[in-house]
Amino acid sequence: MSNDEQPLALFGGTFDPVHRAHIECARAVSRALSGCPVAMLPNAVPPHRPAPGASAEHRLAMLELACEPWPELRVDTRELQREGPSRTRDTLVELRAEHPRRPLCFILGSDSLAELDRWYHWREFPELCHLVVVPRPGAPQAPAAVLHAFPETDARELCTRAAGRRLMLDGPLLDCSATAIRDELSRQGHSPAVSPPVLDYIHRHSLYNTGESH
Ligand code: ATP
704 MSNDEQPLAL FGGTFDPVHR AHIECARAVS RALSGCPVAM LPNAVPPHRP
754 APGASAEHRL AMLELACEPW PELRVDTREL QREGPSRTRD TLVELRAEHP
804 RRPLCFILGS DSLAELDRWY HWREFPELCH LVVVPRPGAP QAPAAVLHAF
854 PETDARELCT RAAGRRLMLD GPLLDCSATA IRDELSRQGH SPAVSPPVLD
904 YIHRHSLYNT GESH
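Here the sequence shown is numbered in my numbering, starting from 704 and rising by one per residue.
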């Protein structure tokens, strides 16, 4: 497969902070899609949620530390460089213009799939990308309109078309969330779901109230 035929997987998130499930999910998608690269896309001002706990600069630095051991993962800072809120649709339009025929595979947890019909211009997504869905414990059922817009397929077909299909992965099934980790960090100063270099960064910069004595 030449580089431009190989799928490019995209993983958007707040990464506040990046945790074990983010990294394990991204690596599992790469393995499922013949070792394709995964671009991690930290967002600026997320349109769907309250402002993040750590600044964009810190979130980016933690993400770079967490991805460093894994050559298949790279960090793409385009959403942090763009003015205004990060809209996945704008990012997908930009990436599609850069890669006219390449399979673009947008990764999301099943909790995010359940809310996709509230995302900005989501109806354009099937023209722009595939979806790769990673299960998340306790996620609600996805809306029928979303499932219908992205017919389910297997990894082989995903690699032969540019966009418009949905791959459902069976795992990894990891019960961790950035919200619970921020709470853990602020209460006890550490969390097993954060990698040692990221935890060290958090301590050095006293993020998430870890500057308090525990
Ligand atoms: P929060 O606790 O604030 O909801 P988060 O842990 O979901 O944060 P985000 O950066 O908002 O982290 O998530 C980015 C993407 O990662 C989303 O598509 C989300 O569904 C997915 N994701 C996060 N945690 C998991 C998990 N444990 N399993 C599967 N997908 C996950």
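Think of the CB as a built atom: it goes at the ideal place given N, C-alpha and C, for glycine as much as any other residue.
Item	Value
Determine the extent of the alpha helix (DSSP H) in which Cys-770 is found, giving its start and end residues.	759-770
Leaving aside the five residues before and after Pro-899 along the sequence, list all residues of the same chain whose C-beta is less than 8 Å from its C-beta, in chain order.	none
Among residues of its own chain, excluding the 5 on either side of Ala-735, which ones have a beta-carbon nearer than 8 Å to its beta-carbon?	Val-835, Ala-858, Leu-870 and Leu-872
In the DSSP assignment, find the unbroken beta strand (DSSP E) run with Pro-745 in it and report its ends.	741-745
Determine the contact status of Ala-881 and Ile-810, defining contact as a CB-CB distance below 8 Å.	no
Between Asp-719 and the rest of its own chain, which residues show a CB-CB distance below 8 Å, the 5 nearest in sequence each way excluded?	Pro-755, Gly-756, Ala-757, Arg-762, Ala-881 and Arg-885
My output table needs one value for Glu-827: the three-state DSSP class, helix, strand or coil.	helix
What number of angstroms, rounded off, separates the C-alpha of Arg-730 from the C-alpha of Gly-892?	27 Å
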